[in-house]
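Chains as they are written, first to last, in our numbering: chain G, 1 to 202; chain C, 203 to 430; chain V, 431 to 801.
Ideal Cβ positions, reconstructed from N, Cα and C, are used throughout, including at glycine.
I have placed the structure first, in the form of structure tokens, so that the comments after it can refer back to it.
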């Protein structure tokens with residue numbers, strides 16, 4: 001059962017007057033609208049949704065990152081909040097899917113956005129409220145480069161510790177110096193030859 | 203230590219066994235459970251000497267397991283007629299190359315000296331060391347040109363060239379397809395025949411119409427000349 | 431907790447090449463004698479960035495890659511992905527296709543849970559017998575899959591709006607025979623397992639956590655139900671046509687390793703019940719929606735999250751479409767990976783030998799954990 005988002009929205013407005021929230025509409029046929037939450041009040045909103053006896057969103061099922069390098073695209077896909085200006089230069093977004101196991105309601109979709117994609121990529125960690133975010137936030141840190149403030153153990157999880165880039169970003173360039181298996185029409189072979197002109201065959 | 207069924211989710215029983223708690227709940231003579239398990243393994247061992255359904259090993263290559271006609275391995279290219287290269291159905295449209303998940307298909311369109319497309323592949327390579335046998339190429343092909351083969355003994359001593367199949371290596375007659383998957387081949391043949399008939403009929407109608415038009419025109423011209 | 435002498439602690443790197451880790455998975459364990467003081471899982475040995483690959487190819491092209499997530503259960507992975515795309519694009523699925531999906535998914539559950547019992551006994555030291563019996567039965571189901579999908583494991587069978595091909599002639603009859611013969615194997619398996627004193631001594635009161643902790647940790651599937659939480663997506667959010675079948679959700683009481691084992695044995699019986707009903711009711715009709723597009727498929731702009739009850743837990747797909755032929759964002763919610771969140775909590779204070787059992791009881795597949 002999909003949650004009644006407008007009701008939850010008004011409820012949150014009443015309970016947490018300081019929180020900055022916006023209702024984002026989903027243009028597609030799935031009908032899963034989302035709540036845009038300002039990073040500053042994310043933990044408080046999650047805490048309220050978790051503790052409130054009648055809402056009781058006790059299961060944070062899925063946490064994931066999205067990279068929006070192009071603000072124009074963001075406007076087309078995830079409609080911007082009413083009255084807010086589109087961010088310049090893109091941003092990173094973290095999406096949370098919450099369920100209630102007792103009321104069998106979900107998914108309640110929360111989104112939090114970073115200021116930009118380079119320096120101000122901090123979003124507070126919700127591990128203190130939902131333990132299930134622990135590894136998933138580490139994965140987002142690893143693959144997207146979102147820095148979760150307050151995470152107990154923020155390390156790379158899938159890539160190795162010495163790895164520098166964030167592969168899930170849209171502008172990530174795949175390396176071309178890995179060990180390749182030459183096939184006669186392999187683009188990788190061509191790239192590798194450029195990379196190592198001295199070692200390539202004449 | 204008993205398992206219970208949640209009342210709110212309970213439905214009328216469809217299997218009575220599932221509702222009974224496991225035997226571990228009751229006190230049994232120590233060692234009985236272990237002996238029961240050993241009896242199972244002993245039965246299995248003894249039965250593996252004479253019971254057909256327990257003798258599951260097939261002595262390959264002397265014996266071969268029967269393989270389903272739907273089994274798919276690597277793709278092949280279908281051709282009509284006797285000459286494989288002339289009869290290839292492939293038009294080098296690149297749909298399979300674009301849809302191929304691991305990008306193992308490589309096609310170059312053949313052109314004449316004026317750069318006009320000849321609607322046939324100059325190069326059609328499949329790197330079977332990359333191919334993952336998914337069958338999407340066969341599914342998306344609008345020209346009934348590519349199908350999945352069932353051949354599986356493809357070992358080679360050359361890891362790179364030996365596993366790169368060119369269009370000569372990939373070409374298989376439509377008779378081979380009919381033998382491999384009679385149902386699918388018959389369906390395709392019937393559909394192609396219907397399309398062909400339709401095309402022929404359309405062409406015949408067009409010709410007839412052109413003929414009629416011409417005749418009418420001639421008649422009109424004749425009438426005109428008569429009048430003048 | 432008494433002060434630990436750093437010099438007395440022993441570091442054990444369990445894995446990545448270790449048979450009991452079910453693949454390439456490593457645990458950095460800190461031991462005080464035999465007792466686990468700390469346990470840090472290390473992931474990523476099988477990481478291939480499936481999500482990145484999927485964002486560079488068409489929607490249909492990702493279908494065969496989903497087979498390789500949890501390679502024991504490719505058909506449920508196919509279903510989860512197909513369902514997410516159907517939600518994203520608003521595609522209807524014909525009734526016969528829904529039945530075929532339920533039948534293949536429940537057969538997959540039979541494979542997964544019976545193989546689980548074999549692997550779990552292997553973790554305990556009873557390597558071989560139970561696993562071989564499970565694999566013998568699995569082979570019969572894989573023969574059915576090969577007949578239907580063309581491959582034993584890498585099925586690539588579901589399509590957006592139905593299935594790739596119809597059931598071959600006589601397939602349903604063969605499946606019915608298998609379903610009717612399967613209980614005999616289950617009896618055998620239960621005789622082998624339940625009541626075995628060694629098994630009870632090794633598994634009871636091992637690895638249990640309170641319900642609230644499990645829900646908070648995102649644990650789903652048989653792991654959660656073993657602790658007594660009635661949460662099965664087939665019941666709470668019936669996808670497909672699961673609301674038409676009568677089946678029960680077995681629940682455990684304590685959530686220890688023994689309960690986790692028994693839950694799977696009981697779920698096998700319930701899957702057989704679903705299979706019997708589905709094979710009886712199987713209607714005639716189209717196996718794919720007539721307007722479903724294979725070539726040039728472009729879902730409208732929007733996003734969708736869809737999930738199913740895979741044999742391992744909640745398997746979800748989250749997709750964002752920007753209206754092009756490739757997904758803008760493609761995310762898998764892998765049950766195996768998230769079920770490992772509380773691994774350390776379950777193992778603390780137990781012996782090293784119990785760690786192997788607890789990991790086995792979570793039922794992970796590294797293809798899905800590392801993606």
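Item                                                                                                                       : Value
Residues that residue 488/V contacts on chain C, provided the C-beta gap is smaller than 7 Å                               : 301
Chain G contact residues for residue 734/V, given Cβ-Cβ distances below 7 Å                                                : 28, 30, 32
CA nearest to the CA of residue 102/G, picked from 63/G, 51/G, 129/G                                                       : 51/G
Proximity winner among 45/G, 16/G, 161/G, 134/G, relative to residue 770/V (alpha-carbon distances)                        : 134/G
Chain V contact for residue 212/C (CB, 7 Å cutoff)                                                                         : Note on residue 212/C: pLDDT 35, under 50, position unreliable in the model; no value is reported.
Reduced DSSP secondary structure (H/G/I, E/B, other) of residue 331/C                                                      : coil
Inter-residue spacing [alpha-carbon to alpha-carbon] between residue 736/V and residue 779/V                               : 38 Å
Nonlocal neighbours in the same chain, by C-beta distance under 8 Å from residue 695/V, ignoring five residues either side : 543, 547, 616, 619, 620, 623, 624
Three-state class that DSSP yields for residue 463/V in the structure shown                                                : coil
Limits of the unbroken beta strand (DSSP E) element including residue 148/G                                                : 147-149
For residue 517/V and residue 2/G, the rounded distance between their alpha carbons                                        : 13 Å
Sub-7 Å separation of residue 525/V and residue 715/V beta-carbons                                                         : yes
Extent of the continuous beta strand (DSSP E) to which residue 91/G belongs                                                : 91-100
Chain G residues whose Cβ lies nearer than 7 Å to that of residue 798/V                                                    : In chain order: nothing, as chain G lies at least about 13 Å away.
Contact residues within the region 471-502 of chain V, judged by C-beta distance below 7 Å to chain G                      : 473, 474, 477, 479, 481, 482
Residue 441/V in three-state terms, based on DSSP                                                                          : strand
Any chain G beta carbon closer than 7 Å to residue 517/V                                                                   : yes
Straight-line gap, residue 698/V to residue 707/V (C-alpha atoms, nearest Å)                                               : 15 Å
Minimum Cβ-Cβ distance from residue 390/C to chain V less than 7 Å                                                         : no
Beta carbon proximity, residue 373/V to chain C, threshold 7 Å                                                             : Outside the displayed range of chain V (431 to 801) lies residue 373/V, so it cannot be described from this structure.
Interface flag, residue 795/V vs chain G, CB-CB below 7 Å                                                                  : no
Same chain, Cβ closer than 6 Å to residue 292/C, neighbours up to 5 away in sequence not counted                           : 279, 323, 347
Test item: CB-CB of residue 312/C and residue 366/C under 7 Å                                                              : no
Where residue 597/V falls: helix, strand or coil (DSSP)                                                                    : coil
Inter-residue Cα distance where the pair is residue 300/C and residue 725/V                                                : 10 Å
Residues near residue 298/C by beta carbon distance below 7 Å, same chain, minus five either side                          : 307, 339, 342, 343, 348
The region 492-511 of chain V touching the region 687-694 of chain V, judged by at least three CB pairs closer than 8 Å    : no
Endpoints, alpha helix (DSSP H) assigned at residue 563/V                                                                  : 559-579
Proximity of residue 140/G and residue 473/V at Cβ, strictly below 7 Å                                                     : no
Of the residues 680/V, 703/V, 638/V, 764/V, the one placed nearest residue 772/V, counting alpha carbons only              : 638/V
Residue(s) in a DSSP beta bridge with residue 447/V                                                                        : 454/V
Residue 649/V - DSSP class collapsed to helix/strand/coil                                                                  : coil
Straight-line gap, residue 296/C to residue 310/C (C-alpha atoms, nearest Å)                                               : 9 Å
For residue 62/G, the residue or residues it bridges with in DSSP                                                          : 97/G
Alpha carbon of residue 477/V to alpha carbon of residue 159/G, nearest angstrom                                           : 8 Å
Paired residues, beta bridge with residue 310/C - DSSP                                                                     : 325/C
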